[in-house]
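**Q** For what it's worth, my numbering labels the leading residue of the sequence shown as 75, then goes sequentially.
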Amino acid sequence: MACVTVSIGAPLEASAGKFDETLDLSLHTRAGSVGPVGVGLAGRGPAVLSDARLVGRALSLTPTFRINLSLSGWRFGVGAGYEGYTGLRLDHDPLPVGYAITDGRVGGIPVEGFVGYAMRSDKRIRPFVEARTTVTAVVARAQLHHRHDGDLGSVRMRAATFGVGGRMGVLLALNDYVFVDVGVGRVFHGPGGWTASVGIGLPIPLSNL
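What follows is the structure, given as structure tokens:
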């Protein structure tokens, strides 16, 4: 699940207003648990792989770019990134006699929408909460082999997953131009579990656009 971008208020009261309405651009890294997973795959592979699926428990690492509007504490935005997995495996039961799949690689492209609120009591440190929905295009690649025919080439398969989760954390304004976002989250629906995330961003006052 991914870090949220929010507005950062200026330390001076005179400039606080313009920093309550910002366009925020930020880069985030999220680490989390995934699983147990049982995602069916479809693709252009041979018929012997028509029932292939991803199984197991995994860890994920997801660099993400986010853009959002921050309006008096409320935040609305979208994000996209690349999700790498450690621990997922490609499975099929059973393969016809003589066939095998090896060198499986799995990755995903998550696209998310989020809404949240950051407390405005402190201009330097702001607790926040967030709700997020994510659609992830998962791509798996593998080599198909046959006992007698040898290497039958690379097979590419795909799947789509949908997730809903929440996150809470704090926003730290380093100065008027840079903020840091640190949070923990939980996926309530879809493959995934607990997440930890950190991000750094730039708040652009809407009055400057």
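Note that the Cβ used here is the ideal one computed from N, Cα and C, for glycine as well.
Comparing C-alpha positions only, which one of Val238, Glu95, Gly155, Ala214 sits nearest to Ser146?
**A** Numbered from 1 along the sequence shown, position 72 holds the residue referred to as residue 146. Nearest of Val238, Glu95, Gly155, Ala214 to Ser146, Cα basis: Glu95.
**Q** From Arg215, Arg200, Glu186, pick the residue whose C-alpha is nearest to that of Arg127; which is it?
**A** Translated into the one-based positions of the sequence shown, residue 127 becomes position 53. Comparing Cα positions, the closest option is Arg215.
**Q** Tell me whether Asp94 sits in a helix, a strand or coil according to DSSP, three-state version.
**A** Numbered from 1 along the sequence shown, position 20 holds the residue referred to as residue 94. The answer is helix: DSSP assigns Asp94 an H, G or I state.
**Q** Comparing C-alpha positions only, which one of Ile199, Gly273, Val171, Val229 sits nearest to Gly178?
**A** Translated into the one-based positions of the sequence shown, residue 178 becomes position 104. With distances taken between Cα atoms, Gly178 lies closest to Val229.
**Q** Check each candidate in Gly239, Val244, Val254 and name the one with the smallest Cα separation from Arg189.
**A** Here residue 189 corresponds to residue number 115 of the sequence shown, with the count starting at 1. Residue 189 is actually Val in this sequence, not Arg. Residue Gly239 is the option with its Cα nearest to Val189.
**Q** If contacts are defined as beta-carbon pairs under 8 Å, then Gly237 and Gly266 qualify, I think. What distance do you get, rounded to the angstrom?
**A** Taking the sequence shown and counting its residues from 1, one reaches residue 237 at position 163. Taking the sequence shown and counting its residues from 1, one reaches residue 266 at position 192. The pair is a contact, with the Cβ atoms about 6 Å apart (cut-off 8 Å).
**Q** Excluding the five sequence neighbours on either side, which residues of its own chain have a C-beta within less than 7 Å of the C-beta of Gly161, listed in chain order?
**A** One-based indexing of the sequence shown puts residue 161 at position 87. Closer than 7 Å at Cβ, skipping near neighbours: Gly130, Arg131, Ala132, Leu133.
**Q** Between which two residues does the beta strand (DSSP E) holding Leu143 run?
**A** What you label residue 143 is simply residue 69 of the sequence shown in a count that begins at 1. Here the beta strand (DSSP E) through Leu143 covers 127 to 145.
**Q** DSSP puts His263 in a beta bridge; with which residues?
**A** In the sequence shown, the residue the question calls residue 263 occupies position 189. According to DSSP, His263 bridges with Val238.
**Q** Rank Thr269, Val252, Arg232 by C-alpha distance to the C-alpha of Met242 and give the top, closest one.
**A** Residue numbering aside, residue 242 sits at position 168 when the sequence shown is read from its first letter. Ranking the options by Cα distance to Met242, first place goes to Thr269.
**Q** How many Å lie between Gly264 and Pro184 at the Cα?
**A** Residue numbering aside, residue 264 sits at position 190 when the sequence shown is read from its first letter. Residue numbering aside, residue 184 sits at position 110 when the sequence shown is read from its first letter. Each residue's alpha carbon lies about 13 Å from the other.
**Q** Using the three-state DSSP reduction, which class does Ser195 fall into: helix, strand or coil?
**A** Numbered from its first residue, the sequence shown carries residue 195 at position 121. DSSP places Ser195 in coil when its eight states are reduced to three.
**Q** In its own chain, which residues sit with a C-beta less than 7 Å from the C-beta of Ala211, not counting the 5 before and 5 after it?
**A** Translated into the one-based positions of the sequence shown, residue 211 becomes position 137. Excluding positions up to five away in sequence, the list reads Gly182, Ile183, Arg232, Ala234.
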